[in-house]
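Structure first, commentary second.
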Amino acid sequence: MVQLSRLSQVLQTAMPLTAVIDSALCVGAGGSTGSLADKPIVRLADGRLLIPGSQLKGRLRHECEKLARALGWPVCDSPVAETMCPQIGRDNSEFQRTDYQLAGKTFADGEPQHHCLVCQIFGNPTLPSRLIVDDLLCVEDPKNLPEVLRPGVTLNRRRRTAEDQKLYFLETSPVNVQLPFVGHLYFQSDSSQSDCPPYARALVLAALRHIHALGGSKSAGLGWLTWQIGNIEIDQRAWKSLKVGDAP
Amino acid sequence: MKEIELTIRALSPLAIGTRKPGGSVSEAQDHIPGAVIRGAIAAQILQYPDVDQIQPGGDFQQLFLEQEAAIFSNAYPSARNHQGDILPVRLLPATAVSSKSNPGFCSSQSDSYGVFDTLIDRFCAEGHDHLYDPNCPRDGGRVEPYGGFYTVEDDDDGNPHYRPQKVETRLLTRVGINRRRATAQENILYGIEVISETRKKGQEETLFAGTIRLDDEALARALANFINAPSQNWRLGGSASRGLGKVEMTARLQDVNSDVEDRIKQFNYYLHKRWKLWDVFGEPQNSLLDDRQFFTLDLQSDAILTDRWRRTTVISAAMLCQEAGVADRDLQLHASYSSYDYRAGWNAAWGLMKDIELVTNRGAVYLFSTPRLDQWLPALERLEQRGVGERTPEGFGQIRVCDEFHTIFREEAK
Chain X
1 MVQLSRLSQV LQTAMPLTAV IDSALCVGAG GSTGSLADKP IVRLADGRLL IPGSQLKGRL
61 RHECEKLARA LGWPVCDSPV AETMCPQIGR DNSEFQRTDY QLAGKTFADG EPQHHCLVCQ
121 IFGNPTLPSR LIVDDLLCVE DPKNLPEVLR PGVTLNRRRR TAEDQKLYFL ETSPVNVQLP
181 FVGHLYFQSD SSQSDCPPYA RALVLAALRH IHALGGSKSA GLGWLTWQIG NIEIDQRAWK
241 SLKVGDAP
Chain Y
249 MKEIELTIRA LSPLAIGTRK PGGSVSEAQD HIPGAVIRGA IAAQILQYPD VDQIQPGGDF
309 QQLFLEQEAA IFSNAYPSAR NHQGDILPVR LLPATAVSSK SNPGFCSSQS DSYGVFDTLI
369 DRFCAEGHDH LYDPNCPRDG GRVEPYGGFY TVEDDDDGNP HYRPQKVETR LLTRVGINRR
429 RATAQENILY GIEVISETRK KGQEETLFAG TIRLDDEALA RALANFINAP SQNWRLGGSA
489 SRGLGKVEMT ARLQDVNSDV EDRIKQFNYY LHKRWKLWDV FGEPQNSLLD DRQFFTLDLQ
549 SDAILTDRWR RTTVISAAML CQEAGVADRD LQLHASYSSY DYRAGWNAAW GLMKDIELVT
609 NRGAVYLFST PRLDQWLPAL ERLEQRGVGE RTPEGFGQIR VCDEFHTIFR EEAK
């Protein structure tokens, strides 16, 4: 029985997160107009710069998958729905482990569903995400940020001169001004079995340490950043529970 | 009956999408459906770890599952007045028209020729056996139906100032990354049309106003406190775990004060006055006004109407008697202005699509008359509070009796 007045516990734990851009950020916006650049930067409706939550969540998932695989956990193949958990019609015995079984999640024939370590945090087409990622917003007023267009040109390898039709312009955030992009990661309460698993915060925190750059042209020096992560306590048992992936 | 006035402020883009049957494009809606708000509140309650869903009874059942469940109305775009209070948002009826060349409400900032209503004039013209062909009061040009949301605010001189209210939308492009090649994954490039979090290049916030109506005062107070709790982190619509749908929701508890009787009186006063004006073309042989009182039903949200198990877009006299629980053989439907559309949806609790419903579009107008209005007044008040048709707890079928805009005539277009 549900009594609204008795529901007083805090639902989610929030991890404050700030990305300080050390170089210049270039998160492209497909289909954007209103800029002379070939690849405009993504902005909010009021012109503020941001790192979309979808990009951050995708990168976090990618890094978590790498870490989990390295620890010996079987992980499904995202982002294609057909190859993600639960492994329908497949005989993947490595996924049929007890710590992948979710309470209350069964197929139509009553068989239990198994969701891998990463899907239990980030979700899949049949399981809602237990981690909610904010857009990281630039706190600086856009009026104080000049529009920066960075020209680029491709060189013809044989002639060593500019290639025809390969002059392009990237829009970036201002260079080397340590712009802070602020947001939160929200973890669903882990006090019940159906909510965020206890190792989620440990794995995500480790994944964050693996992300050194975001956006486009990372290999050309754009988007390099430093994380400032708010105080968050992680139980030692959570770190230890990640080790039981049977890594050789 | 108690009413919780909801104010929703968008903090990030809102992916409140609707997909037409057979279509592949997800378009952003121009409002937040009551079903979305209802689902978000229900999901938030169920996420608490100490919730026992198996044991029947309790507030959850009373709010969402019982016959007299709470009514979650749609939340429509609105704005704040000079004092910072949110303005009540209204919907133009289907009978409202505006100039074809310069449509819109009159204002000092625009050269729009104004909006006026045609229901009463059309009824009087047809009652006098004349054709009714309205034209623009400013330039005599053509007019066409004009719909949407609006707010009314008194200016410094105390004159009502009509302002259209609408959301701004934009398209976000998203792509899935193939983990092995680290490039875009085939078939996972997609666009989401979203409601922007601010309007007019950040000068105005995107605000929505809606209501939750329920009979139990204690439960209403508990729900308002639950919504206002500082620990709540509200997300509405799709892609909520990826930065979209973040909103601030505030609730204010108030009594439902019905002024249905006053509105009906005002409507009949203007109807009689207008009928006499049309008498200059000659009095009709049979006056429609003899011993009859008129009222309109204006749909404030899409409605799912059924007549003998078949979908319909017209509320007939028999249907209204059945819906209101009033036996009145003399009730007569004089005019109906309605159109239809299809609505689908997603039920997160089931994990399944909802049925595709044929709906009567919001703004539809039905004009009724009866010689026994007294017995209709309490029934109309109740209908206004609970709605007509099916799935009313999700915001379908909300009505307003005798909308004030019907008394805005051509010569005083707003």
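Residue numbers (the working numbering), protein chains in the order written: chain X, 1 to 248; chain Y, 249 to 662. Don't be surprised by glycine CBs; every beta carbon is placed ideally from N, CA and C. Predicted model only: the values in this text are computed from it and were never measured.
Legend entry - Three-way DSSP call (helix, strand, coil) for Phe371 of chain Y in this model: helix
Inset, instruction - Taking Gly110 of chain X as the reference, give the member of X:Gly72, X:Gln101, X:Cys116 and X:Val118 with the closest Cα. - result: X:Gln101
Inset, instruction - Determine the DSSP secondary structure at Ala318 of chain Y, reduced to helix, strand or coil. - result: coil
Legend entry - 8 Å Cβ cutoff, Ile425 of chain Y in contact with chain X: yes
Inset, instruction - Under the assumption that Leu7 of chain X contacts Tyr296 of chain Y (Cβ atoms under 8 Å), give the Cβ distance between them as a whole number of angstroms. - result: 5 Å
Inset, instruction - Kindly indicate which three-state DSSP category Met1 of chain X falls into: helix, strand or coil? - result: Assigned with DSSP and collapsed to three states, Met1 of chain X falls in coil, not helix or strand.
Inset, instruction - Output yes if chain X places a C-beta closer than 8 Å to the C-beta of Ala668 of chain Y; else output no. - result: The requested residue 668 of chain Y does not occur in the structure, where chain Y is confined to residues 249 to 662.
Inset, instruction - Give the single residue among X:Gln178, X:Leu131 and X:Val118 whose Cα lies nearest to the Cα of Leu222 of chain X. - result: X:Gln178
Inset, instruction - Would you grab the beta carbon distance between Pro384 of chain Y and Tyr361 of chain Y for me? Rounded to a whole angstrom, and I think it's under 8 Å. - result: One point to set straight first is that residue 384 of chain Y is Cys, not Pro, in the sequence displayed. Right, the Cβ-Cβ distance comes to about 5 Å (below 8 Å), so this counts as a contact.
Legend entry - Separation of Thr106 of chain X from Gln193 of chain X, as counted between CA atoms: Only weak support is given to the placement of Gln193 of chain X: the predicted model assigns it a pLDDT of 48, under 50, and the value that follows is read from those uncertain coordinates. Looking at the two C-alpha atoms, the distance is approximately 15 Å.
Legend entry - Short Cβ contact (8 Å threshold) for Pro261 of chain Y with Ile436 of chain Y: no
Inset, instruction - With DSSP as the reference, please indicate the residues paired to Ile132 of chain X in a beta bridge. - result: Per DSSP, X:Tyr186.
Legend entry - Proximity winner among Y:Ala551, Y:Asp527, Y:Ala627 and Y:Val613, relative to Asp576 of chain Y (alpha-carbon distances): Y:Ala627
Legend entry - the region 302-309 of chain Y / the region 385-398 of chain Y touching (three or more Cβ pairs under 8 Å): no
Legend entry - Close-in-space but distant-in-sequence residues of the same chain around Ser617 of chain Y (CB under 7 Å, 5 per side omitted): Arg540, Gln541, Phe542, Gln580 and His582
Legend entry - Pair within 8 Å by beta-carbon distance, Leu67 of chain X and Ile121 of chain X: Between Leu67 of chain X and Ile121 of chain X, the C-beta gap is not smaller than 8 Å, which leaves the two residues out of contact.
Inset, instruction - Pull up the distance between the alpha-carbon of Glu171 of chain X and that of Asp403 of chain Y, whole angstroms please. - result: 44 Å
Inset, instruction - Run the CB neighbour count on Ala276 of chain Y, radius 10 Å, all protein chains shown included, and call it buried at 16 or more, exposed below. - result: buried
Inset, instruction - Keeping to the same chain, check which residues put their C-beta closer than 6 Å to that of Thr83 of chain X; ignore five residues upstream and five downstream. - result: Asp77
Inset, instruction - Indicate whether the contact test is met: 3 or more Cβ pairs, each with one atom in the region 17-28 of chain X and one in the region 212-232 of chain X, closer than 8 Å. - result: The region 17-28 of chain X makes contact with the region 212-232 of chain X, as at least three CB pairs between them are under 8 Å.
Inset, instruction - Can you say whether Pro304 of chain Y is buried or exposed, counting buried as having 16 or more other CB atoms within 10 angstroms of its CB? - result: exposed
Legend entry - Whether Asp135 of chain X touches Gly486 of chain Y by CB criterion (8 Å): no
Inset, instruction - Could you tell me how far apart the beta carbons of Ile475 of chain Y and Met497 of chain Y are, in whole angstroms, since I believe they sit closer than 8 Å? - result: The C-beta distance from Ile475 of chain Y to Met497 of chain Y rounds to 6 Å, short enough to fall under 8 Å.
Legend entry - Distance, Gly282 of chain Y Cα to Trp482 of chain Y Cα: 15 Å
Legend entry - Chain-ordered chain A contacts of Ser260 of chain Y [CB-CB under 7 Å]: The chain labelled as chain A is not found among the protein chains of the depicted structure, namely X and Y.
Inset, instruction - Please say whether Tyr186 of chain X and Leu242 of chain X have beta carbons closer to each other than 8 Å? - result: no
Inset, instruction - Express the C-alpha separation of Cys138 of chain X and Gly646 of chain Y in angstroms, rounding to a whole number. - result: It should be noted that the sequence gives Gln, not Gly, for residue 646 of chain Y. Rounded to whole angstroms, Gln646 of chain Y to Cys138 of chain X spans 41 Å at the Cα level.
Legend entry - Separation of Gln292 of chain Y from Pro128 of chain X, as counted between CA atoms: 13 Å
Inset, instruction - With DSSP collapsed to three states, give me the class of Thr18 of chain X. - result: strand
Legend entry - Short CB-CB distance (under 8 Å) between Gln188 of chain X and chain Y: yes
Legend entry - Same chain, Cβ closer than 6 Å to Ala342 of chain Y, neighbours up to 5 away in sequence not counted: Short of 6 Å from the beta carbon of Ala342 of chain Y, and not among the five residues preceding or following it, lie these beta carbons of its own chain, in chain order: Tyr585, Gly611, Ala612 and Val613.
Legend entry - Spatial neighbours of Val148 of chain X in its chain, beta-carbon cut-off 6 Å, leaving aside the 5 residues before and after: Thr172 and Pro174
Inset, instruction - Could you tell me the distance, in whole angstroms, from the CA atom of Glu605 of chain Y to the CA atom of Cys650 of chain Y? - result: 27 Å
Inset, instruction - Identify, in the order they occur along the chain, each residue of the same chain with its Cβ nearer than 7 Å to the Cβ of Gly287 of chain Y, setting aside the five sequence neighbours on each side. - result: The answer, listed in chain order, is Ala596.
Inset, instruction - Look at the alpha carbon of Glu233 of chain X and the alpha carbon of Gly450 of chain Y, and state the distance between them as a whole number of angstroms. - result: Glu233 of chain X and Gly450 of chain Y: Cα-Cα distance of roughly 37 Å.
Legend entry - Cβ-based neighbour list, Glu664 of chain Y, same chain, cut-off 6 Å, excluding 5 preceding and 5 following: There is no way to answer for residue 664 of chain Y, as the model of chain Y reaches only from 249 to 662.
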